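First the structure, in the form of structure tokens, and then the observations on it.
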Amino acid sequence: MPCKTNEELAELVEEAKKVTSEGKVADYIPELGKAEADDLSVAIYHVENSCMSAGDIEKTFTLQSISKVLTLALVLMDHGEPFVFSKVGMEPTGDPFNSIVKLETHEKQRPLNPMINAGALAVTNMIKGSTKEEKLLRYIDFIRKLTFNKKINICKNVAASEFETAWLNRSLCYFMKKDGIIEGDVEDLIDLYSNQCAIEMHSLDLAKIGAVFALDGKHPETEQQLIPKDIARICKTFMVTCGMYNASGEFAIKVGIPAKSGVSGGIMGIVPYQFGIGIFGPSLDEKGNSIAGIKLLHLLSEKYELSIF
Ligand code: GLN
1 MPCKTNEELA ELVEEAKKVT SEGKVADYIP ELGKAEADDL SVAIYHVENS
51 CMSAGDIEKT FTLQSISKVL TLALVLMDHG EPFVFSKVGM EPTGDPFNSI
101 VKLETHEKQR PLNPMINAGA LAVTNMIKGS TKEEKLLRYI DFIRKLTFNK
151 KINICKNVAA SEFETAWLNR SLCYFMKKDG IIEGDVEDLI DLYSNQCAIE
201 MHSLDLAKIG AVFALDGKHP ETEQQLIPKD IARICKTFMV TCGMYNASGE
251 FAIKVGIPAK SGVSGGIMGI VPYQFGIGIF GPSLDEKGNS IAGIKLLHLL
301 SEKYELSIF
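First residue of the sequence shown? That's 1 in the UniProt record's numbering, and the numbers climb one at a time after it.
This is how it looks when you write it as structure tokens:
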């Protein structure tokens with residue numbers, strides 16, 4: 001464990017909290033706007049099955065963009081690399097996560113990577129199943145396995161709120177449908193994507209998913225290989241190059257661990273072969289990352305020399 005005690009971790013949480021007021025809770029999905037800006041929680045799950053936590057750990061939050069990396073793992077398991085990467089690229093972008101501009105100019109009109117909305121929608125479109133209900137069930141089942149928590153479910157209010165307001169995501173889908181990147185009914189896809197983003201959990205659940213990635217896809221307790229090693233490696237690489245949106249470069253320099261954030265204020269961090277980190281702090285910076293969450297990861301990385309580089 002990096003910290004010796006929960007109190008040591010709590011001190012870092014208090015320090016990180018000081019920047020909360022410099023950010024703002026996301027409200028473009030109206031239901032997310034109800035979060036309490038100064039909440040901050042962290043859980044660290046060690047691959048040897050011990051954990052520590054601090055802050056408002058009883059609070060739950062939705063995965064939002066963190067789900068993108070988990071969907072990618074699932075569809076790579078469903079279809080293999082050649083098919084998936086025929087529809088989505090591997091390159092980072094300096095544009096915001098919901099940008100539409102590059103779709104027109106990028107080679108073969110493929111979205112640049114699976115961590116921006118366009119790429120994530122294309123990836124969600126590849127989840128196997130004969131109905132959207134079956135696809136969602138497979139997805140939730142996968143998340144329940146990764147968190148070792150059968151109670152994981154969807155926050156229906158957040159899912160509905162996103163579905164009702166996802167005009168830009170609909171535009172991205174129709175653009176990609178024109179080029180054959182996306183197939184099938186766009187409303188069904190937006191519904192599935194809104195539900196995937198609305199999967200709700202605690203920081204500890206998220207830390208446990210991080211621990212699976214830290215062990216190259218292996219469940220720390222049962223040692224079952226939940227994600228093949230090469231797919232876990234691809235996911236972690238995307239987290240380094242694109243996981244923090246268009247702030248990924250600076251984050252790699254300042255913190256230096258694979259991480260994925262979401263506009264709910266969640267961040268999943270991975271310290272390979274050591275632990276997974278789950279953070280929730282809904283006040284966001286201008287790029288859409290948890291402002292206190294990034295500060296906390298910065299403090300942790302500096303103090304305990306966590307950078308992988
Ligand atoms: N559900 C969000 C959206 O598509 C996810 C984006 C995010 O977390 N950055 O707008």
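Cβ atoms here follow ideal geometry from the backbone N, Cα and C, with glycine treated the same way.
The structure displayed is predicted, hence computed values, not measured ones.
Taking 4 residues as the minimum length, the alpha helix (DSSP H) runs contained wholly in the region 209-277 are 229-242 and 248-254, in order along the chain. The three-state secondary structure of Gly293, taken from DSSP, is helix.
Remark: the C-beta of Asn169 is in contact range of the ligand GLN, defined as less than 7 Å to any heavy atom. Chain-ordered, the residues whose CB falls short of 6 Å from any heavy atom of the ligand GLN come out as Gln64, Ser65, Phe97, Asn98, Asn117, Glu162, Asn169, Cys197, Gly262, Val263 and Gly288. Per DSSP, Met115 has no beta-bridge partner at all. Residue pairing from DSSP places Ile154 in a beta bridge opposite Ile199. Pairing Ser99 with Ile116 gives a Cβ-Cβ distance under 8 Å.
Per DSSP, Ile44 lies in no alpha helix (DSSP H) segment; the continuous beta strand (DSSP E) that holds it begins and ends at Ser41 to His46. One alpha carbon belongs to Gly249, the other to Thr241, and they sit about 7 Å apart.
Ranking Thr131, Ile140, Asn195 and Cys155 by CA distance to the CA of Leu121 puts Asn195 first. The residue from Phe85, Glu187 and Ala118 with its alpha-carbon nearest to that of Ser65 is Ala118.
Ranked by how close their Cα comes to the Cα of Leu32, the residues Tyr304, Arg233, Pro2 and Phe163 have Phe163 in first place. Thr62: member of the beta strand (DSSP E) spanning Thr60 to Thr62, first to last residue.
Within the same chain, Gly256, Ile257 and Pro272 come within 7 Å of Ile308 by CB-CB distance, once the 5 residues on both sides are set aside. Here Met90 has Asn113 as same chain residues with Cβ atoms under 7 Å from its own Cβ, once five neighbours each way along the sequence are excluded. Around Arg144, the same chain offers Lys150 and Ile152 as residues with beta carbons nearer than 7 Å, after the five sequence neighbours per side are excluded. At the C-beta level, Val212 and His202 stay beyond 8 Å of one another. The beta-bridge partner set that DSSP reports for Ala54 consists of Val42.
Within a 10 Å sphere around the beta-carbon of Asp230 sit fewer than 16 other beta-carbons, which makes this residue exposed.
Contact between the region 11-26 and the region 268-286 is present: 3 or more CB-CB pairs across the two stretches fall below 8 Å. In chain order, Gly217 and Lys218 place their CB closer than 6 Å to the CB of Gln225, counting only its own chain and leaving out the 5 sequence neighbours on each side. If you compare the alpha carbons of Ala259, Ile234 and Phe251 with that of Phe85, the shortest gap goes to Ile234. Between the alpha carbons of Glu221 and Phe175 lies a distance of about 43 Å.
Val13 is classed as buried because its beta carbon has at least 16 other beta carbons within 10 Å across all chains shown. DSSP, read as helix, strand or coil, puts Val25 in strand. For Lys17 and Glu7, the gap between their C-alpha atoms comes out near 15 Å.
Across the structure, Ser290 and Thr105 are spaced so that their CA atoms are roughly 31 Å apart.
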